[in-house]
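Asker: Chains as they are written, first to last, in my numbering: chain S, 1 to 454; chain G, 1 to 454.
Protein chains: 2
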Amino acid sequence: MVRLPPEEGALKDLRPTSEERAHICDIGQILLDEIAESGKAEGMIVGSIARHTWLRGDKDLDVFMLFNPGLSREELEDQGLALARKVAAKFTDTFHEKYAEHPYINAIIEGVDIDLVPCYKVESAAHIQSAVDRTPFHTRYITDKINGLTDDVLLLKRFAKTGGIYGSDQMTEGFSGYLCEILILYHGGFRPLLEAASGWRPHQFIDPEEHGAKKFDEPLIVIDPVDPKRNVAAAVSLDKFAGFVELARGYLAEPSESFFRLREPESITRKELAALLDQRGTSLYAVTFETPPYIEEVVVPQLKRSVLALSEHLRRNGFVLHHAHYAMKLDRCMLLFELLVADLPKIRLHAGPPVWNRQNADKFREKYISAGSAGPFLTEGRYEVEVPREFTSARDMFASQELLNVSLGKHVRQSLEKGWKVAEGPDCWQEQFSSFIATFFSRCSPLTRIRRRS
Amino acid sequence: MVRLPPEEGALKDLRPTSEERAHICDIGQILLDEIAESGKAEGMIVGSIARHTWLRGDKDLDVFMLFNPGLSREELEDQGLALARKVAAKFTDTFHEKYAEHPYINAIIEGVDIDLVPCYKVESAAHIQSAVDRTPFHTRYITDKINGLTDDVLLLKRFAKTGGIYGSDQMTEGFSGYLCEILILYHGGFRPLLEAASGWRPHQFIDPEEHGAKKFDEPLIVIDPVDPKRNVAAAVSLDKFAGFVELARGYLAEPSESFFRLREPESITRKELAALLDQRGTSLYAVTFETPPYIEEVVVPQLKRSVLALSEHLRRNGFVLHHAHYAMKLDRCMLLFELLVADLPKIRLHAGPPVWNRQNADKFREKYISAGSAGPFLTEGRYEVEVPREFTSARDMFASQELLNVSLGKHVRQSLEKGWKVAEGPDCWQEQFSSFIATFFSRCSPLTRIRRRS
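1. Cutting at 7 Å between CB atoms, please list the residues of its own chain near residue 224/G, excluding the five before and the five after it.
2. Specify whether the region 303-319 of chain G and the region 322-339 of chain S touch according to this definition: at least 3 beta carbon pairs, one from each stretch, less than 8 Å apart.
3. So, at 6 Å on beta carbons, what are the nonlocal neighbours of residue 11/S in its own chain, with the 5 sequence-adjacent residues on each side left out?
4. Helix, strand or coil for residue 350/G? Go by DSSP, reduced to three states.
5. Can you tell me the Cβ-Cβ gap for residue 437/G and residue 273/G, rounded? I've got them flagged as a contact below 8 Å.
6. Whose Cβ in chain S lies nearer than 9 Å to the Cβ of residue 318/G?
7. Closest to residue 4/G by C-alpha separation, out of 155/G, 144/G, 17/G, would be which residue?
8. Counting contacts by CB-CB distance shorter than 8 Å, is residue 239/S in contact with chain G?
9. Terminal residues of the continuous alpha helix (DSSP H) containing residue 49/S?
10. If distances are taken between C-alpha atoms only, which option among 254/G, 286/G, 360/G comes closest to residue 399/G?
11. Cβ atoms of residue 193/G and residue 187/G: under 8 Å apart, would you say?
12. Return the first residue and the last residue of the beta strand (DSSP E) that residue 67/G is part of.
13. Within this structure, are the beta carbons of residue 363/G and residue 392/G separated by less than 8 Å?
14. Quick one: what does DSSP say residue 333/S is sitting in, helix, strand or coil?
15. Note down, in chain order, every chain S residue with its Cβ under 7 Å from the Cβ of residue 242/G.
16. Among the candidates 445/S, 321/S, 118/S, whose CA atom is the shortest distance from the CA of residue 471/S?
17. Is residue 43/S helix, strand or coil by DSSP?
18. Examine the Cβ distances between the region 412-430 of chain S and the region 231-245 of chain S and report whether three or more of them are shorter than 8 Å.
19. When you compare only the Cα positions, how much space is there between residue 404/G and residue 414/G?
20. Can you say whether residue 279/G is buried or exposed, counting buried as having 16 or more other CB atoms within 10 angstroms of its CB?
21. For a test of the three-state rule: what should DSSP assign to residue 182/S, helix, strand or coil?
22. Compare the C-alpha of residue 61/S against each of 79/S, 19/S, 107/S, 92/S and name the closest.
23. At the 8 Å Cβ level, is residue 475/G part of the contact set with chain S, yes or no?
24. Please tell me whether residue 158/G and residue 247/G are closer than 8 Å, where the distance is taken between their beta carbons.
25. Is residue 443/G close to chain A? Criterion is C-beta to C-beta, closer than 8 Å.
26. Could you tell me whether the region 72-83 of chain S touches the region 202-213 of chain S, where touching means 3 or more Cβ pairs closer than 8 Å?
27. For residue 383/G versus residue 358/G, is the C-beta spacing smaller than 8 Å?
28. Strictly by DSSP, which residues pair up with residue 106/G?
29. So, are the CB atoms of residue 105/S and residue 97/S less than 8 Å apart?
30. Determine contact between the region 313-327 of chain S and the region 257-264 of chain S, defined as no fewer than three beta-carbon pairs at a distance below 8 Å.
31. Is the region 136-153 of chain S in contact with the region 82-97 of chain S, if contact means three or more CB pairs nearer than 8 Å?
32. Among 425/G, 87/G, 324/G, 386/G, which residue has its Cα nearest to the Cα of residue 115/G?
33. With a threshold of 16 other CB atoms inside 10 Å of the CB of residue 241/G, please say whether the residue is buried or exposed.
34. The beta strand (DSSP E) spanning residue 388/G covers which residue range?
35. In its own chain, which residues sit with a C-beta less than 6 Å from the C-beta of residue 47/G, not counting the 5 before and 5 after it?
36. Have a look at 113/G, 112/G, 131/G, 111/G and flag the residue whose alpha-carbon is nearest the alpha-carbon of residue 120/G.
Following this line, the structure appears as structure tokens:
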């Protein structure tokens with residue numbers, strides 16, 4: 001395949017070195033041998049290492065341990081963790097239990113970050129009992145076909161990463177490694193994929209094995225070649241999908257190495273933030289609280305929901321929001337709101353029933369007349385009164401216990417119940433959130449970001 | 001008919017005195033004689049005097065001059081005005097030409113305000129050539145049937161007047177005298193009408209002659225007994241309709257003379273306005289300009305439209321409106337706006353095309369990137385940029401020439417083109433608008449107003 005110079009240039013940095021390759025494969029082999037020796041399970045290298053689609057510098061090795069599907073779920077977990085611990089302990093003291101859908105062991109061995117994951121050895125993808133059982137099938141599918149296209153996968157992964165859309169985690173809502181591989185296989189290479197993606201529209205549908213057996217409503221629908229009822233691209237948000245489309249167009253129009261060049265994360269100082277707010281004339285509020293003791297996949301969707309609910313709470317109270325976002329750090333979470341209107345007069349309108357609804361209309365009139373409210377007025381045949389506004393400042397609203405009444409998500413609520421802090425203006429700045437705050441303000445589209453710095 | 005004490009009490013003040021009656025009838029007769037003597041037309045007393053439904057103190061006498069329908073429109077106007085002038089000149093020097101749909105002569109004779117109106121003498125209401133030709137038919141219809149119900153008409157007229165909903169002019173948007181008469185006839189009296197009205201809902205349909213021949217969409221539809229294609233209640237706005245419904249319910253629940261007692265118009269001093277605004281914490285803006293040289297029926301709808309258009313203009317520019325209204329005085333008009341948010345930061349969001357609309361998306365990106373705007377961002381798959389806000393204060397917006405670009409109505413625009421003044425806060429106060437400004441803030445529903453002062 002003829003490559004453009006930016007791609008050739010990028011690939012020099014993307015392909016793993018032969019030393020890296022040898023080192024990781026050696027470790028993989030040793031672990032497989034240990035598993036085989038135990039006689040309890042069959043070992044299998046999965047993930048990008050197995051598929052030869054890992055990027056230079058990646059040190060993540062996924063080793064699956066395939067157990068007899070006759071075991072109960074409990075037996076699998078007990079025996080699986082016991083074996084994983086035994087294998088890990090042979091090589092290192094630094095290992096501990098982690099939990100995704102099921103528990104597994106994570107260990108650092110000779111600088112490589114290794115997951116030892118127990119699963120069932122099922123005969124076909126149709127018989128899988130949980131998501132981990134599917135992984136070996138993915139690996140077999142890709143390994144069988146990826147020959148000659150591994151460079152294209154490396155390019156795509158880095159291209160997506162540079163654009164900020166690589167990763168199917170809740171924070172990124174972008175493209176997983178497996179999705180990248182499927183797309184490269186389906187379109188036959190990096191550039192054919194970009195040419196296709198230039199014309200993508202929401203609900204783009206791709207079904208490599210032509211066996212899709214379920215309706216999906218996501219922006220990008222890529223039917224899993226090993227599971228007709230699964231959308232490999234389910235995590236991709238509409239904006240990350242749009243970002244990929246514009247990146248594809250932008251690259252094809254003006255190919256450049258900047259599409260493959262990672263950059264340092266942005267950051268902002270407290271002083272810069274103060275100057276920025278002064279210049280913008282907006283009001284910034286940060287709600288911070290203890291990070292709930294759960295994994296990102298559980299907490300981040302709740303942060304997202306909380307920001308939406310609080311945005312609606314602001315709107316209902318008459319404040320005007322410009323932009324809001326959320327961040328999760330190890331110990332603290334932050335919900336950040338930039339407002340155009342943060343202070344309001346003491347009065348507000350409160351809508352009542354139409355006059356024709358006699359019972360309610362009479363009740364409403366009597367209630368507000370005896371409360372001494374201004375009105376009721378008649379507006380389009382409905383009653384309306386002027387009542388005192390509950391919150392005349394957004395700060396008061398954020399500080400009020402009413403915050404707990406909006407739809408926050410269980411663990412975020414539990415954390416807020418222990419208390420939260422409200423900061424305003426430059427006081428929102430905190431060292432650990434300085435990168436988050438910087439991107440909060442510079443949130444331009446992926447292509448714009450790349451063009452601006454090249 | 002048994003009357004409640006408040007009605008008996010009210011009627012004592014509502015029925016014209018016998019002196020009044022004699023005086024007005026005498027003048028009427030003299031005018032009719034003069035017209036008959038001319039041999040040009042036939043005279044006819046119309047309006048509430050002819051129908052015995054005028055209120056004590058009313059001094060309005062309508063005398064129609066019915067001409068041969070063989071005359072052209074021009075001949076009618078020429079001969080009609082000539083005759084009217086001749087008749088008027090016999091009794092007074094104070095008369096002048098006025099213009100509704102057609103020209104007529106208005107004269108003050110012995111303290112009575114007299115309209116001398118030329119019209120065609122048509123055989124049936126089906127042959128009328130303009131609205132004035134219809135009036136004699138109205139008078140005949142009511143006069144034939146109103147016997148025994150004139151007191152009820154007086155009560156209803158005053159009841160509506162006290163509630164602020166008497167008058168079919170553009171400012172009031174309420175009940176005309178003829179509508180009051182028809183409603184009393186149809187329901188057989190004041191109280192039966194109120195009992196029916198308590199249960200009215202929008203699009204209430206009344207067709208006394210059961211001959212309606214056209215669809216209407218107004219809140220109250222009362223088919224004219226003399227014209228099956230006319231809604232007598234076309235002027236009644238939804239809120240005046242609702243006001244009548246709540247007045248009816250309120251009176252039946254607690255009948256009281258306060259429903260018939262007129263009060264002095266409200267007023268506010270400049271000092272009171274300053275205190276009120278301070279207490280409310282809102283921002284008040286008045287746009288004043290020369291009253292266009294046209295009658296109220298022409299200008300007021302344009303003022304109403306202008307307020308709606310400027311309210312939308314405010315909203316588009318991000319300001320938050322609480323209430324707006326308009327007033328027309330002899331020499332100046334005022335558009336008054338009370339805002340919750342009158343100042344905004346320098347930035348605003350500007351929505352662009354969806355990314356899938358490639359041509360527009362590319363154009364939009366290039367335009368705003370080269371303009372140095374923040375963004376474009378991606379929001380739900382669409383581009384969005386941050387741009388400088390055109391008006392950061394409502395005052396600037398009202399003062400800008402852009403005001404002329406909103407949908408104002410022809411004559412209001414022409415007047416504004418000669419210049420307008422913007423006032424803010426207590427400076428909005430002007431002596432001639434002090435009553436308008438008072439009701440701007442006290443705009444409660446008719447029943448509430450009556451209950452509050454009784």
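Think of the CB as a built atom: it goes at the ideal place given N, C-alpha and C, for glycine as much as any other residue.
A quick note: this is a predicted structure, and the numbers were derived from the prediction, not measured.
Answerer: With the structure as the only source:
1. Residue mapping note: residue 224/G aligns to position 224 of the second sequence, counting from 1. So the qualifying residues of the chain are 230, 232.
2. no
3. Taking the first residue of the first sequence as position 1, residue 11/S is located at position 11. Correct list, in chain order: 151.
4. Position 350 of the second sequence, counted from the start, is the residue given in the question as residue 350/G. Correct three-state label for residue 350/G: strand.
5. By one-based count along the second sequence, residue 437/G stands at place 437. By one-based count along the second sequence, residue 273/G stands at place 273. At roughly 6 Å, the Cβ-Cβ gap stays under 8 Å, so residue 437/G and residue 273/G are in contact.
6. One-based indexing of the second sequence puts residue 318/G at position 318. Ordered by position in chain S, the residues that pass the 9 Å Cβ test against residue 318/G are 320, 340, 341.
7. Position 4 of the second sequence, counted from the first residue, corresponds to residue 4/G. Ranking 155/G, 144/G, 17/G by Cα distance to residue 4/G puts 155/G first.
8. Numbered from 1 along the first sequence, position 239 holds the residue referred to as residue 239/S. It does: the Cβ of residue 239/S has a partner Cβ on chain G nearer than 8 Å.
9. The count along the first sequence starts at 1 and reaches residue 49/S at position 49. It spans 47-51 - the alpha helix (DSSP H) in which residue 49/S sits, taken as one unbroken run.
10. Here residue 399/G is taken as the residue at index 399 of the second sequence, counted from 1. With distances taken between Cα atoms, residue 399/G lies closest to 286/G.
11. The residue you call residue 187/G lines up with position 187 of the second sequence. The residue you call residue 193/G lines up with position 193 of the second sequence. Yes, these two residues count as a Cβ contact at 8 Å.
12. The residue given as residue 67/G occupies position 67 in the second sequence. Taken as a continuous stretch (DSSP letters only), the beta strand (DSSP E) holding residue 67/G covers 60-67.
13. Against the second sequence, residue 363/G aligns to sequence position 363. Against the second sequence, residue 392/G aligns to sequence position 392. The answer is no: Cβ separation not under 8 Å.
14. On the first sequence, residue 333/S is found 333 positions in, with the first residue counted as 1. Correct three-state label for residue 333/S: strand.
15. In the second sequence, the residue the question calls residue 242/G occupies position 242. Under the 7 Å cutoff, chain S gives 355, 378, 381.
16. Residue numbering for chain S in the displayed model covers 1 to 454; residue 471/S lies beyond these limits and cannot be assessed.
17. In the first sequence, the residue the question calls residue 43/S occupies position 43. Strand, per DSSP.
18. no
19. The residue given as residue 404/G occupies position 404 in the second sequence. The residue given as residue 414/G occupies position 414 in the second sequence. Answer to the nearest angstrom: the Cα atoms are 9 Å apart.
20. In the second sequence, the residue the question calls residue 279/G occupies position 279. With fewer than 16 Cβ atoms within 10 Å of its Cβ, residue 279/G is classed as exposed.
21. The residue you call residue 182/S lines up with position 182 of the first sequence. Three-state DSSP puts residue 182/S in a helix.
22. In the first sequence, the residue the question calls residue 61/S occupies position 61. When each option's Cα is compared against that of residue 61/S, the closest is 107/S.
23. Residue 475/G is absent from the model: chain G starts at 1 and stops at 454.
24. By one-based count along the second sequence, residue 158/G stands at place 158. By one-based count along the second sequence, residue 247/G stands at place 247. Result no, Cβ atoms of residue 158/G and residue 247/G do not sit closer than 8 Å.
25. The structure shown contains no chain A; its protein chains are S and G.
26. no
27. Stepping through the second sequence from its first residue, residue 383/G is reached at position 383. Stepping through the second sequence from its first residue, residue 358/G is reached at position 358. Taking 8 Å as the Cβ cut-off, residue 383/G and residue 358/G do not qualify as a contacting pair.
28. Numbered from its first residue, the second sequence carries residue 106/G at position 106. Paired residues: 96/G, 115/G.
29. The residue given as residue 105/S occupies position 105 in the first sequence. The residue given as residue 97/S occupies position 97 in the first sequence. Yes, these two residues count as a Cβ contact at 8 Å.
30. no
31. no
32. Position 115 of the second sequence, counted from the first residue, corresponds to residue 115/G. Residue 115/G has its Cα closest to that of 87/G, out of 425/G, 87/G, 324/G, 386/G.
33. For the purposes of this step, residue 241/G is taken as the residue at position 241 of the second sequence. Buried, because 16 or more other Cβ atoms sit within 10 Å of the Cβ of residue 241/G.
34. Counting from 1 along the second sequence, the entry for residue 388/G is found at position 388. Here the beta strand (DSSP E) through residue 388/G covers 382-388.
35. By one-based count along the second sequence, residue 47/G stands at place 47. So the qualifying residues of the chain are 62.
36. Position 120 of the second sequence holds residue 120/G. Out of 113/G, 112/G, 131/G, 111/G, 131/G has the C-alpha closest to the C-alpha of residue 120/G.
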